[in-house]
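In the UniProt record's numbering, the protein residues as written are 1 to 1245. Glycine is no exception: its CB is placed at the ideal position from the N, C-alpha and C atoms.
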């Protein structure tokens, strides 16, 4: 009737099968991003720290204990570095050699050798301690996390199906992965890092106060400012990142929903609307990203400026202590240069460690919160725990089922009573059919028998025993289930069938026998690999009929006494249905069988038929008896006969004559032959699909061979920001110069500290260097702010433009583009999210860092060579080794150890949760848990190897730095002792005359050696630190190298999309002044671009007069839905023409043309917004009034049910319209078609 109302005055074409459209959608784009960004973090209950380790065994305890000792020792080694560095400064101080010039060279050499050996030993110790800390803590974390993951899945599988109704399966899979990773991170290397950094801070504090409390208190007074800068940076970055993530999530929702329903988007002409929504979300994300870049710059700039100024003021106060001969605590002697350097570096490293400890502590806190969720799940108990051994097992089973006054409502919809006083006897060994309207409770009956749910009231008995007292696993093993959409697993056909009999030996012969009974053996043997053929994910590589027959074979091999058939043939075409029905009839023989069917012709031979209405049995009897009653069942039969328009309806619904039976048997045989032919075709298609999949494996290689994209073209997307780019590069260069200049001034300050005590000269020299360092800090901080802030503007705008251009381009592409496997909605959304980000990282964020590090490298080498070319060349020779060490350390810090891209356990977990009902029905929990544990074991082996590798790599990176220090200081000391660096004679004459006169030195020669030693030390430190800082810059720059190929591939991919010529044509074509609605198909030849060998239409000619109703019928695959799609211009014919009122539709303006079409499909797509918004999409210009909306809904018979909803037209439809029933969705879709006032109406099933 709704269809009749819609047909008045329009040309209508409807077909018998829909070209199904993906409807997997995320949340609606209308996310309140601002609220997400501004909302405070909820208070999350956390597990205690010790609870994290409740799954640790003795081996883990040993690993953690040794790892902790390694972390403690590692933390102390960094403090020892400060002590030895101070010792070196004092060794090379000229003042201690004032007594005799003859012993200076020998003493210098001996002391330098000693200090170099100390550094080398510290490096050796650092290697072993770092390996033990990182490697063994990580290995312990992997081991414990593996046990937690296994226990977590066991706990989830022990829950009733009601639990899964309230949790999205895809979200649950991600939740398990994320929470277990967070927990692993909190009990792995992050604990070692926390101990390491904490010990460094504590030991540094102790050392500094032991050396001298005066300077220590002075430095500690400035530490809160430094720590405050770190905290400010962290807080502001988190806020900006939260806001940006919320905005990008909103954009991802728009893209996912639009691309997964691209046909509906194109048909409704709302590409501009969703493009604008996507762009608005990107603008919000851009603003958040720019703000984050500014905050990041301010944080880094503050910390840089404070550290430089910190060194300057420390040198000044140290000079003051030395000049005034204030006594140090440790020696009881006046402060010297070595004491100042020891305390300064110790407290600086301690402060940096205090800042570094924040990241691992945050990871531990997140892990504790995740652990609380995990432990709560582990403690959760379910009434229907299939893994429990509780409950009885019947010795002998007949199979008689009884429902006695059963009432039930779903846990997720407690206000809706589905079954109400439901009573029914299902005799053993007989076939009972349930029929009734949608939503009457038929499928609920099957789920209660399986004990997926427990009744709210009443009881269900099996052979007189309440099934709630039976062991669930035993009960389900007595039941075989075949559902409307059978689930096959990603394994072979043999394994899928064998899964029907868990816990028992299943031979290949038994599997083949079950396949023969299910009418499946013949088509299986025609497949390339026979029973070893992989089915693909959810059976994707098989046709619907083939999947259904394998599912029947799986139920048969189970040997169950009770067989449940829930709409087992409703999704099949006529030929497949009759073959599958034959298999079902064989399977039901001798078993208690409960059948649910909408097609009443399939159950007329049942031993009894129960009619269900509003959760009660209102009629029961055999087919003929119920027809004689002439009540609800008879009315259903008459409606179906009328709907089918079958000339043989009298024979179908009569008591059955011999002639009709013979005719039907002949028809079944013919259908069986047809299905055999279809199976042969499917076998050939499967082989082609395998070849196609093999070609897909080489996709990345093919893409990498594509044409290269010019850098200038990429930069053209940032042309408006070219001034900002240049300014950012200048700021980056300024910041890059800061560290070599710092080495210059700091070396001079240390030289000043080595001057004679008690004179004002020391203080003035140090003061000049201190002021220079403070000014340098301010300058470097400003440069860093400018660099990060400006390049964040460049990067965020580049990302927005690339994403926006890519998404809008996707919306213009032909439907054939989306038919390709590589262009699925998930793949395209992933490209939108990942590729632009990768390009931004390379061309914006890392561009500034690269230029800065390049300047650091060049200027550092220049400073080093000018100060001392011999020492510089020696250190430069070590550059590759040291750079590699820095590169390894930076890479570990950036990427961590929780890389899961090779983790096969994630796919097993996802498959387990997505197919939970099938797993429960066939008691496959233990089987899938075993598969999961096996995949976890493989992941654990990889994880432990990775932990050992990471520990060794981290140890090497630490040791190499100390060893380079040892070599540099040893060789530099030798050069100083040999007087490689000398003051000018005039300067020596003036200075030494004054110092000898004041009796500070015995004679001129001693003074000369002492001053040259001090000067040489300053030059040595300038050369050494200049090269070392250059090396660090090079190492940091090289961390970007691994991403180069990835970035190049992303750039090629983006521009290959933007350059593709697969756009829909004629978006600016003709518009007809008056539309009558006559459609002509003239000699149409067509095959789908993805299957060019399969000819769908061959010379088809058809006229649909204006204002008429044309019905298309035929077998599946004959081309009905193809004609519907050609009318919509989703595809164009290879030859021939489609005419509208005599005009070739390919010449018409595409947007205008589609605006005169109204389409309602078998599974209508509703978007995750309100009912009004969904209907308003029918008018892409957004001019729909509430009055027009209500009028359309009344015509579609939807207004009454919408008005009864709590929020009326503002009611949210949910993902894919999930909050509405099938009939309600269909009526909303009809209303959406009617508000367009279409001239042509297309009804596809």
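Reduced DSSP category for residue i - H, G, I as helix; E, B as strand; rest coil
i	result
residue 310	helix
residue 509	helix
residue 341	helix
residue 1183	coil
residue 403	strand
residue 922	coil
residue 324	coil
residue 1158	strand
residue 740	helix
residue 1080	strand
residue 270	coil
residue 420	strand
residue 451	coil
residue 1090	coil
residue 192	helix
Short Cβ contact (9 angstroms threshold) for residue i with residue j
i	j	result
residue 542	residue 536	yes
residue 975	residue 868	yes
residue 1024	residue 955	no
residue 109	residue 973	yes
residue 177	residue 909	yes
residue 773	residue 742	yes
residue 1102	residue 1081	yes
residue 719	residue 286	no
residue 549	residue 480	no
residue 728	residue 790	yes
residue 1241	residue 1139	no
residue 444	residue 609	no
residue 397	residue 478	yes
residue 47	residue 369	yes
Counterpart residues of residue i in DSSP-defined beta bridges
i	result
residue 1085	1098, 1135
residue 434	596, 610
residue 466	461
residue 149	None, per the DSSP bridge assignment.
residue 84	The partner list for residue 84 (beta bridge, DSSP) is empty, contrary to what the question assumes.
residue 621	609
residue 133	The partner list for residue 133 (beta bridge, DSSP) is empty, contrary to what the question assumes.
residue 564	481, 594
Buried/exposed call for residue i, threshold 16 Cβ in 10 Å
i	result
residue 379	exposed
residue 810	buried
residue 389	exposed
residue 945	exposed
residue 511	buried
residue 1246	It is not possible to answer for residue 1246, since the shown part of the chain is limited to 1 through 1245.
residue 873	exposed
residue 658	A caution first: residue 658 carries a pLDDT of 35, below 50, which makes its placement in the model unreliable, though a value can still be read off. Exposed.
residue 307	buried
residue 677	The predicted model places residue 677 with a pLDDT of 46, which falls under 50 and marks its position as unreliable; any figure quoted below should be read in that light. Exposed is the call here.
residue 1227	buried
residue 450	buried
residue 57	exposed
residue 589	exposed
residue 374	buried
residue 442	buried
The ligand GDP heavy atom lying under 8 angstroms from the CB of residue i
i	result
residue 112	Absence of the ligand GDP is noted for the structure shown, with no ligands found whatsoever.
At what residue ranges does the segment 749-822 contain a whole run of the alpha helix (DSSP H), taking only runs of 4 or more? The qualifying runs are 760-812, 815-819.
Threshold first: 3 residues or longer. Then list the beta strand (DSSP E) segments lying entirely within the segment 855-887, N to C. Here no run is fully enclosed.
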